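Using UniProt numbering, you'd call the opening residue of the sequence shown number 1 and step up by one each time. Glycine is no exception: its CB is placed at the ideal position from the N, C-alpha and C atoms. Source: prediction; values computed, not measured.
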Amino acid sequence: MRKVYFDHAATTPVHPAVAEEMMKYLTEDFGNPSSIHAFGRVVRKGVEHARQQVVAAIGASSVGEIAFTSGGTEAANMAIRGVAYANRHKGNHIITTAGEHNAVLGPCKQLEKEGFAVTVLPLDQYGLITPQQVAEAITDKTILISVMHANNEIGTIYPIREISEIAKERKIIFHTDATQTVGHIPVNVDELGVNLLTFSAHKIYGPKGAGAMYIRKGTFWQPITYGGGQERRRRPGTENVPGIVGLGKAVELACENMKSEAERLSGYRDRIISEVLDNIPNTILTGHPVNRLPGHVSFCFRFIEGESMLLMLDMKGIAISSGSACTSGSLEPSHVLTAIGLTKEVAHGSLRLTMGKDNTQEDVEYFLEALPPIIARLREMSPLGEGCNPCACSTCTIHDEEHDHGHGEFEEDEI
Ligand SMILES: Cc1ncc(COP(=O)(O)O)c(C=O)c1O
1 MRKVYFDHAA TTPVHPAVAE EMMKYLTEDF GNPSSIHAFG RVVRKGVEHA RQQVVAAIGA
61 SSVGEIAFTS GGTEAANMAI RGVAYANRHK GNHIITTAGE HNAVLGPCKQ LEKEGFAVTV
121 LPLDQYGLIT PQQVAEAITD KTILISVMHA NNEIGTIYPI REISEIAKER KIIFHTDATQ
181 TVGHIPVNVD ELGVNLLTFS AHKIYGPKGA GAMYIRKGTF WQPITYGGGQ ERRRRPGTEN
241 VPGIVGLGKA VELACENMKS EAERLSGYRD RIISEVLDNI PNTILTGHPV NRLPGHVSFC
301 FRFIEGESML LMLDMKGIAI SSGSACTSGS LEPSHVLTAI GLTKEVAHGS LRLTMGKDNT
361 QEDVEYFLEA LPPIIARLRE MSPLGEGCNP CACSTCTIHD EEHDHGHGEF EEDEI
């Protein structure tokens, strides 16, 4: 059976050239980069080369602005909590958006428990916020604004420059979570006008467990973990050297091929979007129709459960994901889909398909052939069909609003 991996926003395979580079640092060059002997020095060189590769990829001014982390989540925690604690004397107010990944919402929620006030801006139907919304939310206590560069679930790209200009005017620190954009679309810290930017290696054919935080020189910030002097004391602990060199190589390769790859994947994306919207009724495209990530397609199919669709596509060898995150341990529909105004029932019929470097036109055609009969079959069997009045809770098939749901709460764990 054909195998089609369409879940690149969740993770990507490690590029062979990245794996080769990493292997060297797992075997021959195993020293501790803090050691001053030859074994350590050669490894230090590898780490600093990776830092240069990141500087080049995002247009930073110097290697001193890059700290390596264990991934996008740790980097966002460092950015948000590090700014909050360091600027507490100036104010306690943070602004973010309802579309953020939990890597950003999680630390914001924690900061709220610690006495900070967080404004979460609502999204429009495309998942966007306006610069005006940001301007109106600012108070004299605002110390940080955090808006993602592109949304992982619905692919919408945000007008970061326009928003960061407002932050700059009001002298407020600005962070963007660029986990879904670095290596996919142009990312330049000066053009975006950000103070902090965070991303992860495993979305760009690098290893899992490696990421980076960019921090503009002069940004008021403090570490959130303490220990040794590694990473200029910003992220203490012996460095994950294979992960760091893998990230450096991955970001370099992704940027080399970015333009042609983005064009190719946008072509696939647009074909899938128009074919599906033309041929499958009761389908909603989620996210922005134009300002969206190149290989990113997301829909909600009415009267369908995302998990069943995911499993039936899986039986055809096609790997996609659904925002109705049963598969990721949660019974709640995605917070992003409800934030763009979809009801729980509609949000439960979501599908996210994210393409990458090994996908071909044949994969696209295979998917387009496989999908319609699956949707038709599921709709035939569906208790959520037109005319029904299903329970608002997606996992139940009982058409009675009053019954005892009996399922426990799960922590969201989204990708
Ligand atoms: C937008 C966004 N931010 C942050 C993360 C977290 O990155 P990591 O898995 O490296 O912790 C992800 C990963 O799914 C993401 O999509």
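Tell me whether A319, by its Cβ, gets closer than 7 Å to a heavy atom of ligand 1. Checking every heavy atom of ligand 1 against the Cβ of A319, none is found closer than 7 Å.
Nearer than 7 Å: is that true of the beta carbon of S200 relative to any heavy atom of ligand 1? Correct: S200 has its Cβ closer than 7 Å to ligand 1.
Since F199 is in the alpha helix (DSSP H), which residue starts that stretch and which ends it? Element bounds for F199: not the alpha helix (DSSP H) but the beta strand (DSSP E), 196 to 200.
Looking only at C-alpha atoms, which of M1, V118, G127, L26 sits nearest to R292? The option with the nearest alpha carbon to R292 is G127.
DSSP three-state call for Y214: helix, strand or coil? Y214 carries a strand assignment under DSSP once its states are collapsed to helix, strand and coil.
Could you tell me whether any non-hydrogen atom of ligand 1 is closer than 7 Å to the CB of A376? No - ligand 1 has no heavy atom lying nearer than 7 Å to the Cβ of A376.
Contact set for W221: own chain, Cβ-Cβ below 7 Å, skip 5 residues either direction: Hits under 7 Å: G82, V83, A86, I215.
For R292, which of helix, strand or coil comes out of DSSP? Three-state DSSP puts R292 in a strand.
Cβ shell of residue 435 (< 6 Å), same chain only, five flanking positions each side left out: The structure shown does not extend to residue 435, since the chain is modelled only from 1 to 415, so the question has no answer here.
Within 10 angstroms of its Cβ, does V290 collect 16 or more other Cβ (buried), or is it exposed? Label assigned to V290: exposed.
Where do the N-terminal and C-terminal ends of the beta strand (DSSP E) with residue 467 fall, by residue? Not covered by the structure: residue 467. The range shown for the chain is 1 to 415.
Verify whether the separation of the beta carbon atoms of P294 and S266 is less than 8 Å. Yes, Cβ-Cβ distance for P294 and S266 is below 8 Å.
For M309 and L347, the rounded distance between their alpha carbons: This sequence places Ala at residue 347; Leu is not what is there. When rounded, the distance between both Cα atoms is 13 Å.
Taking 8 Å as the limit between beta carbons, can you name the residues of its chain near E239, skipping five residues before and five after? If the five residues before and after E239 are omitted, its C-beta is found closer than 8 Å to the C-beta atoms of P33, V47, F68, Q230, E231, all from its own chain and listed in chain order.
I'd like to confirm something about Q52: is its beta-carbon nearer than 7 Å to some heavy atom of ligand 1, or not? The answer is no for Q52.
Relative to ligand 1, is the shortest distance from any of its heavy atoms to the C-beta of A76 smaller than 7 Å? Result yes, Cβ under 7 Å from ligand 1.
Taking a contact to mean a Cβ-Cβ separation below 8 Å, would you say I160 touches V194 in this structure? It is a contact, given that the beta carbons lie within the stated cut-off.
For Y5, write down the residues that DSSP places opposite it in a beta bridge. Answer is A319.
Is any heavy atom of ligand 1 found at a distance shorter than 7 Å from the C-beta of T179? Relative to ligand 1, T179 has its C-beta within less than 7 Å of a heavy atom.
For T327 and H37, I'd like the C-alpha separation in whole angstroms. At T327, the pLDDT of 42 sits below 50, so the modelled position is not reliable and the matter cannot be decided from this model.
Completely contained beta strand (DSSP E) runs for the stretch 248 to 295, where each covers 3 or more residues: Within the stretch 248 to 295, complete beta strand (DSSP E) segments of at least 3 residues are found at 283 to 285, given in chain order.
Short check: CB of C108 to CB of T97, under 8 Å? Here C108 is not near T97, since their CB atoms are 8 Å or more apart.
Leaving out the 5 sequence neighbours to the left and right, which residues in its chain are closer than 8 Å to I80 when beta-carbon positions are compared? Sequence-distant partners of I80 (beyond 5 residues in either direction) whose C-beta falls short of 8 Å from its own C-beta, in its chain, are I94, V104, P107, C108, L111, L144, S146, H175.
Are the CB atoms of V4 and G356 within a distance shorter than 8 Å? No; because the gap between Cβ atoms is not below 8 Å, this pair is not in contact.
One question on the structure: do F301 and L351 come within less than 8 Å of each other, judged by their Cβ atoms? Cβ atoms of F301 and L351: closer than 8 Å.
M148 CB to nearest heavy atom of ligand 1 below 7 Å: Placement of the Cβ of M148 at a distance of less than 7 Å from at least one heavy atom of ligand 1 is found.
Throw me the rounded Cβ distance for the F199 and T219 pair, which I believe falls under 8 Å. Rounded, the Cβ-Cβ distance is 17 Å, inconsistent with contact.
Check the C-beta distance from F6 over to T354 and give it rounded, since I have them as a contact under 8 Å. Rounded, the Cβ-Cβ distance is 6 Å, consistent with contact.
Alpha carbon of A9 to alpha carbon of R170, nearest angstrom: Annotation: A9 to R170 spans about 34 Å, alpha carbon to alpha carbon.
Excluding five sequence neighbours on each side, which residues of the same chain lie with their C-beta closer than 7 Å to the C-beta of G99? Closer than 7 Å at Cβ, skipping near neighbours: L123, G127, M148, N151, V336, A339.
Is any non-hydrogen atom of ligand 1 found closer than 7 Å to the C-beta of F72, if you look at the structure I gave you? Checking the sequence shown, residue 72 turns out to be Gly, not Phe. For ligand 1, at least one heavy atom lies less than 7 Å from the Cβ of G72.
Taking buried to mean at least 16 other C-beta atoms within 10 Å of its own C-beta, is Q125 buried or exposed? It is exposed - the Cβ of Q125 has fewer than 16 other Cβ atoms within 10 Å.
Collapsed DSSP secondary structure at A370 in the structure displayed: DSSP places A370 in helix when its eight states are reduced to three.
What is the DSSP secondary structure of I143, reduced to helix, strand or coil? It is a strand residue.
Based on the DSSP output, what are the partners of T119 in its beta bridges? According to DSSP, T119 bridges with I95.
Within the present structure, is the beta-carbon of G243 separated from the nearest heavy atom of ligand 1 by less than 7 Å? Incorrect: G243 has no Cβ contact closer than 7 Å to ligand 1.
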